[in-house]
Structures are given as C-alpha cells and as structure tokens.
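Q:
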Amino acid sequence: MISRKNQFPKASRVHLRNDISFLFTKGKSINAFPVKAVYKIEPPQNEHWLRIAVSVPKRNFKKAVDRNRIKRQIREIYRLNHHPYSAQLAALQKGVQLMFIFTGKESPEYAVLQSKIILILQRLLVADEVAVN
RNA sequence: AAAGCAGGUCGUUCUAUCGCUUCUCAUGAAAAUGAGGGGAGGAAAGUCCGGACAACACAGAGCGCCACACUUCCUAACGGGAAGGCUUUAGUUAAGAAAUUGACUGAAGACAGCAAGUGCCACAGAAAAUGAACCGCCCCGAUUCGUUCGGGGUAAGGGUGAAAAUGUGAGGUAAGAGCUCACGGUAAUGUCGGGUGACCGGUGUUACGGGUAAACCUUGUGGGUUGAAAGGCCAUGUAAACGGGCUGUUGGGAAACCAGCAGACAGGCGGCUCGCCUGGUACCGCGGGUAGGCCGAUAGAGGUGGGCAGUGAUGUUCAUCCCAGAUAAAUGAUAGAACUUUAAACUUCGGUUUAUUCCGGGUUUAUCGACAGAAUCCGGCUUACAGACCUGCUUUUAUU
RNA sequence: CGGGGUGUAGCGUAGUCCGGUAUCGCGCCUGCUUUGGGAGCAGGAGGUCGUCAGUUCGAAUCUGGCCACCCCGA
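Residue numbers (the numbering used here): 662 to 794.
(1) Measure the alpha-carbon distance for Arg733 versus Lys687 and round it to whole angstroms.
(2) Whose C-beta lies closer than 8 angstroms to the C-beta of Asn742 among residues of the same chain, with five residues either side of it excluded?
(3) According to DSSP, is Phe722 part of a helix, a strand, or is it coil?
(4) Just curious, the alpha helix (DSSP H) that Lys701 is in, first and last residue?
(5) Taking the beta carbon of Leu677 as the centre, do at least 16 other beta carbons fall within 10 Å, making it buried, or is it exposed?
(6) Pro611 to Ala752, Cα distance in whole Å?
(7) If you follow the alpha helix (DSSP H) that Lys687 is in, where does it begin and where does it stop?
(8) With a CB to CB cut of under 7 angstroms and the five nearest residues on each side skipped, what residues in its chain are close to Gln786?
(9) Is the Cβ-Cβ distance between Val696 and Met760 less than 7 angstroms?
(10) For Arg665, which of helix, strand or coil comes out of DSSP?
(11) Just how far apart, CA to CA, sit Asn667 and Arg784?
(12) Where does His709 fall in DSSP's three states?
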C-alpha cells in the first residue's frame, strides 16, 4: 500500500492551472489562523484521495527564502500526518482537492503550524460528511 | 605580536531515520518497484549594461530618438577590465622678492567642445560680460571759495559676491592702466626631437576671450525592432493565413487555353518619409491560437591543475573532469555529534604578581553560525553579508 | 520573466520639463464672536521634499546608486 509509507509523490499534488483557478473561484474555505485552506470535492484519482497545493503570498514575505521555507514545512507536516484522514476518504470513496494558504505575516513555529494543519484536516472531514448529505 | 588599509580565497561538516527531483540499469503490458549516480550561490539578488539564441525582409536608406566620449590594449561584446597620459587636490620639501615652478608620498576625476551659436548666472553689488565709474584718486571750469556743483580721465585701492576682466615686480604718468619691460600663467598656431598613441621636452609668433554642456546644443562613434510569455512540434476540433478561383492588360494562339504584369485603397509597420512584402467577395480544398504535453533547455566565450607569451587585463597549449534542470515550481524535516563565536563557573596545569593579580591552556554549562534560493544561457557592474584564512603595505610595542 | 509609474506638513495635492521664494485645501493651536458649542472672522505653528552620493556658487528640481509602494503584460 502506498499510504502506509510517508510518501508524497507528484500525483497527489494539485498542479494544473485550471484546477487551481477553479479552487480559488468555486472552492469552500476553512480558516485556522495563520493557515487558511480552500477545498473542493472531486471524483477519486486512482488512490490519491487527497490532493493538495501550498501557497504563501509574496505580499507578506518578500524574500523567496522565507516563502520556500514555510511551504516546505507545510508539505512536511502534511506528509507525516495525512494518513488517517485520507484513509477515511478512501472508505467513503471521495476525492478532495485541498490548498493551504499561509495568511500570517511572520514565520511560524513548527509545532504551532503542525497543530493547525491537523485541525484543518479534522474539520475538512466533518464538512465533507455534511456535503455528502 | 597588535591595529588599520588594499587585494584575494572560503563561507559549516558528519551520522541515523523519513521524504522530494532527475539520470542510468534491472524487473514489469502498464502503474510501479529495486539498485546505483547527481541535485543552489558568491552574490543564484537588483535587472543597470553587453552578448549568444529566436522571429519579423537571416534587417534596407534618410531624418528623428537613445547611449557613449583622454590614449593604447584586452574581449564574442560592453557603459566592464588592464597599463599609461593629463588635470585637480592633501602633506612634506627645494628654488625665488613674489607670482609661481620642481621633487617625493598619497587621493580623486561622467577627462571631446563654452576660443561655433543660443540660453541662464537669484540676493548683494556701480558693473555679472555689447568690456563696467558707487566711494576714492587726478585734471579742467564755475562757485555762496577750509565748501559745493558741472565736464572729463582713471580699473591702483575700498566695498559686494560663489565668481569682478592674466599674476608678481619695476618703469612710466596729472592720476592710472599690458601703456612698456622682466619673470610667470593660460590658450591658439608654426617648427625640431622623443613616444604606437594620449602626450612630453626645446624653440618662434600671436592673443588674454568669467562660469555653466549631469543647460539647449556641436563634433565623433555605436545602436533595426521585439524578447524564452521569443520560436518550433504533437493530439482534439476549426479561422480573416496558404492554394485554386476574380477584374484589367500584354504576349502566343483561329478559338479553347497557357504564360507574364498590374489593381483604387487597405494592411504588415512600431515616431515620420521612402523602400520592401501581401491582399477582390462568395465558394472549394488545405489548414490556427488559447488550456495540456514535448522541444527550445543545459557540454559551455565550461571547470580544475600545470607549461609558455605578455608590465598587466588576457591569450595560447597540454592533461584531466562532466558538475542542477524544477515548472503552483525539487534540493527538505527530525534527532544526535563535531567545529566555530560569545559568556559564566571550575581547575593539584604553565608563566607572572604585593595580591587567585593578569595572561594562556584544559573541563563543564548555556549561546551564536551571516546575506540569501537557480527559472533560456553566458560576460560584467551594483547592492547585501556572521565569521575564518592567506598575501602586501603602514604605524606601534617587544626581542636579537 | 519583462515593462511602466509614484514618493513633498497629520491627510490629499501644486511646484520638477526650463535649478535660486516650498504652494493650496482639510485638519491642529491661539484670540475674537456666542450663555456654551458649531459656523464665521483674524493670526500662528508644523517640512531630513523617501534615502545616499555627485554636478553646480547654489538641488524638491539635473545625473547615478539604493529603499518602499502601486500598476500593466499570460
């Protein structure tokens, strides 16, 4: 099984331009400062139940080094913690596109960021089950 | 040894676990899995210059516009670099009555032309450039005669200003003045010698005309425009592009037809003019762009180490190496060591002192590790940067 | 990745081309007026002209380097 290992290949990322603009225009959002998430339900893409993207606005972080660092941290936290949630989505046979947007203005602590990402994933599942009804 | 200045090099390392990306090989129908190799910088940054590359006529003319500006050299090219020249300037010193000139050690220079034309130079001042008369000085005349007024001469002195009409000394004069002379300064020009050249040295003649060209401008040189979102290809499905077809005319032909040329005006075309190229409508055939994928796109004005040429930038030659290629965008996360910075405590360590006084070493604990992330690729420039090391010069201290 | 623009008093602006005095409105302060406030009238304060250099006698203005902000092109 792919999901038993902590892998994060390109197929489980949102990378098409149209998908991303569609997320911004039609997606629903979950807010957990300093991270905001935009998501959309989609048909499952062969065993990649959750597909994500990460964004850090240039307006708040002028230096590319800082932006890259935050994006790497978010991806790392997602890689290590997403399994229980994607397993539940697999049980429901539902696919989800998800985009994390960092809205804070200062570089975050790793532990704080981790708790917020997990919170968003938990809330996503609840909202997703509502959407099923 | 310490401090300062200039130049150069480096700019954390290792281990474990879990990941990302790319290449090669193996297995596999494929998805994928396994093994092995590679994976940010000196500035990758700012986007300030110059090229390569691509399309448009593989790019044309003139004007306009823009950039550059001592010389020679380097280079693919440059607004970059090297060597040199000149000017300005700081300090020391020598000559001279002085102006000024020379020598040594540094520093700076967007360094063609204001002696081609035009413009501008506030306030102050008489006057800011067609050569100037406020005070003062001198001469003449008048007079109310120890005064005042008028006419004229005068740029030596005063005062103003950022800047006042070539500086110093002497002669000369009613008083003065390059009016004359001597020595200087600057500029133009002739000539001799040196240098590839900028320029330098000698010598003759003439002139003395303030500053400003990062004011308009003049002279010389260079620049076609647009940028990888350039440009090319693929699959899906289709245009105003392309071909046939239109009109006029010329040639051949009896004709059908064949071949050539042209078409008002419009468009390509960008600031203008010329020039070049393309085009009637309908219809038929053939066939776009966008979103997606691939190429462009990673072996190069390449790196490393020597030899040779050159004062140097650099060139040349030999050996050797292959060293990122992502695309909502990889190069990371966690833990533990080491190294490094700073501080504190301890120390039966070494030297030193009146003194656990100071210096050095060792151990432990805490702490610091900068600036910053490739996006077509190179050469520069500019800016940011904790700290470490090397070389040269200067100063101070110690020793011999 | 490429291109363009702006920065002047607490706020919004003029002046920049063609160098010499920094302007206007709102706001602020003081006084008058009013029983008091508002409005009105009179007077006043407040400026590293984003920043660092250069050219010039003199720079908001000209030239160059940085900084910040905004906009455009798929």
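By construction, the Cβ of each residue, glycine as well, lies at the ideal position given by its N, Cα and C atoms.
A: A quick look at the data gives this:
(1) 26 angstroms
(2) Gln775, Ile778, Ile779, Leu782
(3) coil
(4) That residue, Lys701, is in no alpha helix (DSSP H); its beta strand (DSSP E) goes 696-703.
(5) exposed
(6) Here the chain comprises residues numbered 662 to 794, so residue 611 is not present and cannot be evaluated.
(7) 678-687
(8) Position check: residue 786 holds Leu in this sequence, whereas Gln was assumed. Only Tyr746, Gln749 meet the Cβ criterion.
(9) no
(10) Note on Arg665: pLDDT 39, under 50, position unreliable in the model; the coordinate value appears next. Three-state result, Arg665: coil.
(11) 22 angstroms
(12) strand
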